[in-house]
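Student:
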Amino acid sequence: MIKALTLVAIVCFSTLAVNAAPPNPHTFVPNRGIKPSKIMAANMKSNISNGVRNVIYIWNRTYANPTGQISDLLVVFKYLSNAPALPRQMLLNKEFELYRVLDTKKMLKALDRFQEDVNLAYRALFEYSNLIIGSKQGSMDDAYETLLKEMNRMVKSYNSLAKVANTEYKQKVMPYYALDYKKERKKTWKMW
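Quick note on the working numbering: the sequence shown kicks off at -9 and runs consecutively.
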């Protein structure tokens, strides 16, 4: 009985591949590039957007000494500087067929600009940390102004990347950020 069942199962499963019809290529055309583009959007949101958000959060936080803030920023920048690598590779790889659903040239241009500005901000942060630690001599005010300028430039290029991504995906994939979110707001008092 068991031998008969195993024989029937072997015959059924061995002929399954023979009986299956090959897929028609035209049935897959509308879906090409959609799944990789969703994966790329999730990756950009989780790595790039969260990295920039963490930089802004640490930048606006008050610390007892600047070395704690700089060490936290250096850790975040370490991962943020590598974040655009995967979306860039996906856009350049023709097998993902992202060119069917996205304008890859615009996305690559925005990603390259963001990568360049992240590297400049990372370098400015490293120079400023050398002055704070005391391993290098120089003006701390000038280094801080340079760091502030590079951080603003990085956030601005992130916002342009977010604008390009949101336009290409036709939905809000990446949020927009400002470097200084703690602006003083004037309180308005109503007279009763």
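Every residue, glycine too, gets a C-beta built ideally from N, C-alpha and C.
Computed from a prediction, not measured in an experiment: that's the story for all the values here.
Using 7 Å as the limit for Cβ to Cβ distance, is LEU101 near chain C?
Tutor: Of the chains in the structure shown, none is chain C; there is only one protein chain.
Student: Nearest-angstrom Cα distance between MET80 and ASN109?
Tutor: Their backbone Cα atoms lie some 21 Å apart in a straight line.
Student: So, is ALA155 buried or exposed, given that buried needs 16 or more other C-beta atoms within 10 angstroms?
Tutor: That one is buried.
Student: Contact defined as beta carbons within less than 8 Å: I believe SER147 pairs with ASP107. What is the distance between those atoms, to the nearest angstrom?
Tutor: Going by Cβ atoms, the distance from SER147 to ASP107 rounds to 4 Å, so yes, they are a contact pair.
Student: Comparing C-alpha positions only, which one of ASN120, ARG103 and LYS160 sits nearest to SER150?
Tutor: When only C-alpha atoms are compared, the closest one is ARG103.
Student: Compute the distance between the beta-carbons of TYR112 and VAL145, then report whether it is under 7 Å.
Tutor: No. Outside cutoff.
Student: Note the first and the last residue of the continuous alpha helix (DSSP H) segment covering VAL66.
Tutor: Unbroken alpha helix (DSSP H) run through VAL66: 56 to 70.
Student: Which residues mark the beginning and the end of the alpha helix (DSSP H) in which ARG110 is found?
Tutor: Checking the sequence, you will find Leu at residue 110 rather than Arg. Counting along the chain, the alpha helix (DSSP H) containing LEU110 begins and ends at 94 to 123.
Student: What's the C-alpha gap between PRO56 and LYS160?
Tutor: Computed Cα separation, rounded: 41 Å.
Student: Look at the alpha carbon of ASN44 and the alpha carbon of ASN120, and state the distance between them as a whole number of angstroms.
Tutor: About 22 Å.
Student: Distance check for TYR69 and GLN127, CA to CA, integer angstroms please.
Tutor: Computed Cα separation, rounded: 28 Å.
Student: For MET34 and ASP170, what's the separation of their Cα atoms in angstroms?
Tutor: Answer to the nearest angstrom: the Cα atoms are 22 Å apart.
Student: LEU88 and THR94 - do their beta-carbons sit closer together than 7 Å?
Tutor: Yes, they are a contact pair.
Student: For THR157 and ASN72, I'd like the C-alpha separation in whole angstroms.
Tutor: Cα to Cα, the separation comes out at about 24 Å.
Student: If I'm right that SER27 touches PRO165 with Cβ under 8 Å, what's the distance once you round it to whole angstroms?
Tutor: That belief does not hold up - the Cβ atoms of SER27 and PRO165 are roughly 18 Å apart, past 8 Å.
Student: Hey, GLU135 and ALA114: beta-carbon distance below 7 Å or not?
Tutor: The answer is no: Cβ separation not under 7 Å.
Student: For GLY23 and ALA75, what's the separation of their Cα atoms in angstroms?
Tutor: Their Cα atoms are separated by approximately 19 Å.
Student: Considering GLU140, what are the terminal residues of the alpha helix (DSSP H) in which it resides?
Tutor: Unbroken alpha helix (DSSP H) run through GLU140: 130 to 159.
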